[in-house]
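So the protein sequences, as listed, match chains D and E. For reference, each letter of the first sequence is one residue, going 48 to 400 in my numbering. For reference, each letter of the second sequence is one residue, going 48 to 400 in my numbering. Positions of the beta carbon are idealized from the N, C-alpha and C atoms, including for glycine. Since the model is a prediction, treat every value here as computed from it, not as a measurement.
2 protein chains.
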Amino acid sequence: MQYNRLNTPALIIDEKIFKANMEAMEKCLEGSSLRLRPHYKSHKCAAIAKMQIEGGAVGMTCAKMSELEDLVDAGVEDILLANQVADKRKIARLAQLALDSHITVLVDSEENIRDLSEAAAFAGSVIHCLVEYDIGMERCGVVSNEEVLRLAKCIIDSPSLTFDGLQAYAGHISHMVDKDERLSKTKANYEKLKELIEYLNQNGVEVKTVSGGSTGTAEIKAVEGLYTELQAGSYLFMDNTYRDLELPFKNSMFIVSTVVSVRDGLAVIDAGVKTCGVDQGMPRVVGCDVKEIVASEEHFQLHEPSVQLNVGDTVLLVPGHCCSTVNLHDKLYMVRDGKVVDRLMITARGCGK
Amino acid sequence: MQYNRLNTPALIIDEKIFKANMEAMEKCLEGSSLRLRPHYKSHKCAAIAKMQIEGGAVGMTCAKMSELEDLVDAGVEDILLANQVADKRKIARLAQLALDSHITVLVDSEENIRDLSEAAAFAGSVIHCLVEYDIGMERCGVVSNEEVLRLAKCIIDSPSLTFDGLQAYAGHISHMVDKDERLSKTKANYEKLKELIEYLNQNGVEVKTVSGGSTGTAEIKAVEGLYTELQAGSYLFMDNTYRDLELPFKNSMFIVSTVVSVRDGLAVIDAGVKTCGVDQGMPRVVGCDVKEIVASEEHFQLHEPSVQLNVGDTVLLVPGHCCSTVNLHDKLYMVRDGKVVDRLMITARGCGK
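Set out below in structure tokens:
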């Protein structure tokens, strides 16, 4: 079947570009001690996680307990849950899953460390912990060297937990268009991080793992050598948002959408906010300049399209944000030379708990 | 189970407010000839559709073929698909479903009318058609009286189709905060619509049905008497967006979310863009003023919350947009006096095709 015969809106992957992105990431990390631990949130597809691990990824990163459960269920053996797990029932489940896979979780409070320790002791498992260091994103994590040391020592002293190191994720830098600014901000962060690690070492705490980074900072991290793990996710599909960053990855994910109504200077298509994530901006229409895109739930209105569009035509969209778009679909269609060659289930679609 | 013991983020409905909203809508329409045909897109839950029909709704409105299929499958017998169906395979399915339920669809082109007619003839069914008149929203539909007449005659002349009337949906007016402006714009639209209907009558075309309206214009429509059907959807749950409109409906839908990280002047919760639609703005935190909310995929950062929040606490959010939020969840929990009393499946969640 040709891709434009799919029931629309449909999410497709250009296999050739997808594979080239995988190879470009390998190249990025070549000669560096940085290991890839790709983020599950970007594709939520167990089959793709398996491809990434076969391709050399050290394991997976995920954002939610329900994503973690999906990955363990799919037989993934090394998973970082890059988040704080505050709810005791979730902690109890996490501790049980740690019997089946090597599981690492972030912490930023002593009480949370105590809960994790007790749950792991009950399960008879070991939970690996990274202290989250807030390197400027102002989300979770602690901000001072002293707090990091205090939590690290608390983990070291806790039965059934191991202190592996740090997460320092600078998500706020990821999308900076100016490469020099991205580089200089990243370097400033590294200085802070380096100082922190030295401080911890001086106080007898060994830092084995430093996890962080994203698609936007992959190149920079690869040459830097301070981080041990890169959590990039979007590099496989790419967002329209990353368009101006001159990264070595290309858009491989598209939405196939059908034109449903046309008049002078306006074409309306059957994709909208409920099938294409707009939290990081509007999609781009492939091969067609558009003066303005207006979004509603089930429509994008394409104002003044540069190409003549007729009712029933299909168009390809590059979503503004691949991660939020994947979460709106059940299936990804793999396309080779214009033909659908495989269908992958988005097994963690909607796993937001 | 108390609602704050749910696995978070969880979508809950306050049953009392939900029922009061249903009654408020009945009151709105009392004494008017306007019939309620509520929009499925706002809850996507077959069980709630059944409640609405039992409560006097004439049938349902929906946005997508896959929503239509879900409603037919659930035994709903009168459905308006308030959209153009351009794809021939979808048209073929629609024509088959029209054997099982009374189905009405929008049209705005002659070619589309021909396709619908042929498919219905093959199926041995009858498809009811409304011509979509664009009353100012600049989305689908035709804009001149002459075009409406041409399409109406084309439908009347087509085997296996019936011309029932018009859809004129003024979605762009729905959220106007100034009630006088909302009223005057609505009245101006009515004048246009009245003129159109008179023109059609003069040309021998009878208009049985005029469908349109929304939660924001329900009160106005109810006193106006030109529309025959109201497509309101959000009135059951309400959005934070509708907050300033002084409507007779209250927020009945909330997201229960857990605080996962806290520091001075900042609390981070486990709901974000992947569990709460932000396409019409940020959520509101119940009982807590917040200086700024920063959104990411799985977090909202609550800056300077007016209430002391601790890790593990639950908070209630009023989503900015109920329709896009429902599409991110599988289940709705019905809560009475703080207790979960029922769980409703969101049967059309993700039905975007």
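- In the structure shown, Phe347 of chain D falls within a strand segment according to DSSP collapsed to helix, strand and coil.
- Straight across, the Cα-Cα distance linking Arg331 of chain D with Leu364 of chain D is about 5 Å.
- Going by DSSP, Lys386 of chain E is part of the beta strand (DSSP E) stretching over Lys386 to Met392.
- Glu339 of chain D: member of the beta strand (DSSP E) spanning Glu339 to Ala342, first to last residue.
- In this structure, Val257 of chain D places its C-beta atom within 8 Å of the C-beta atom of Leu273 of chain D.
- Contacts with chain E at 8 Å (Cβ-Cβ) do not include Lys386 of chain D.
- Counted as a single uninterrupted DSSP element, the stretch harbouring Tyr237 of chain D is not any beta strand (DSSP E) but the alpha helix (DSSP H) occupying residues Lys226 to Gln249.
- When 8 Å is used as the limit between beta carbons, Thr305 of chain E is near these residues of chain D: Ala133 and Asp134, in chain order.
- Judged by DSSP in its simplified three-state form, Tyr274 of chain D adopts coil rather than helix or strand.
- DSSP, read as helix, strand or coil, puts Arg136 of chain D in helix.
- If you check the CB distance, Met69 of chain E and Leu283 of chain E come in under 8 Å.
- With the criterion set as a beta carbon lying under 9 Å from some beta carbon of chain D, the members of the stretch 54-69 of chain E are Asn54, Thr55, Pro56 and Ala57, in sequence order.
- No residue range can be given for Ala279 of chain D, since it is assigned to no beta strand (DSSP E) and is classified by DSSP as neither H nor E.
- At the C-beta level, Met112 of chain D and Ala96 of chain D stay beyond 8 Å of one another.
- Residue-level contact by beta carbon holds for Asn159 of chain D and chain E, with a gap shorter than 8 Å.
- Residues of the same chain with a CB within less than 6 Å of the CB of Val119 of chain D, apart from the 5 flanking positions on each side, are Leu144, Asp147 and Ser148 in chain order.
- At least one C-beta of chain E is nearer than 8 Å to the C-beta of Leu313 of chain D.
- Annotation: Cβ neighbours of Leu375 of chain E in chain D (cutoff 9 Å, chain order): Asn374, Leu375, Gly397 and Gly399.
- Between the stretch 75-91 of chain E and the stretch 369-379 of chain E, the count of Cβ pairs shorter than 8 Å is three or higher; the stretches touch.
- Within chain E, Asp326 have C-beta atoms less than 8 Å from the C-beta of Val325 of chain D, given in sequence order.
- With fewer than 16 other beta carbons inside 10 angstroms of its own, Val354 of chain E counts as exposed.
- Taking all protein chains shown into account, Lys135 of chain D has fewer than 16 neighbouring C-beta atoms within 10 Å of its C-beta and is therefore exposed.
- The DSSP-derived three-state label of Ala265 of chain E is helix.
- In chain order, Val306, Val309, Ala314, Cys335, Leu349 and Val362 place their CB closer than 8 Å to the CB of Leu356 of chain E, counting only its own chain and leaving out the 5 sequence neighbours on each side.
- In the structure shown, Lys378 of chain E adopts extended strand secondary structure according to DSSP, grouped into three states.
- DSSP lists E:Met107 and E:Ile150 as the bridge partner or partners of Ile126 of chain E.
- DSSP, reduced to helix, strand and coil, places Thr55 of chain D outside both helices and strands of the structure shown, so it counts as coil.
- For Cys369 of chain D, the three-state secondary structure derived from DSSP is helix.
- Between Ile59 of chain E and Val303 of chain E, the C-beta spacing is below 8 Å.
- In this structure, Gly399 of chain D places its C-beta atom within 8 Å of the C-beta atom of Pro56 of chain E.
- By the Cβ-count criterion, Phe169 of chain E is exposed, with fewer than 16 other Cβ atoms from all chains shown falling within 10 Å of its own Cβ.
- Pairing Arg186 of chain D with His346 of chain E gives a Cβ-Cβ distance under 8 Å.
- With contacts defined by Cβ atoms closer than 8 Å, Ala279 of chain D and Ser299 of chain D do not form a contacting pair.
- When secondary structure is reduced to three states using DSSP, Phe65 of chain E falls in the helix class.
- Within the same chain, Cβ atoms closer than 7 Å to the Cβ of Lys338 of chain E are found at His350 and Glu351, the five residues on either side in sequence being excluded.
- Non-local C-beta neighbours of Ala199 of chain D in its own chain, meaning closer than 7 Å and more than five positions away in sequence, comprise Val178, Phe210, Leu247 and Val252, ordered along the chain.
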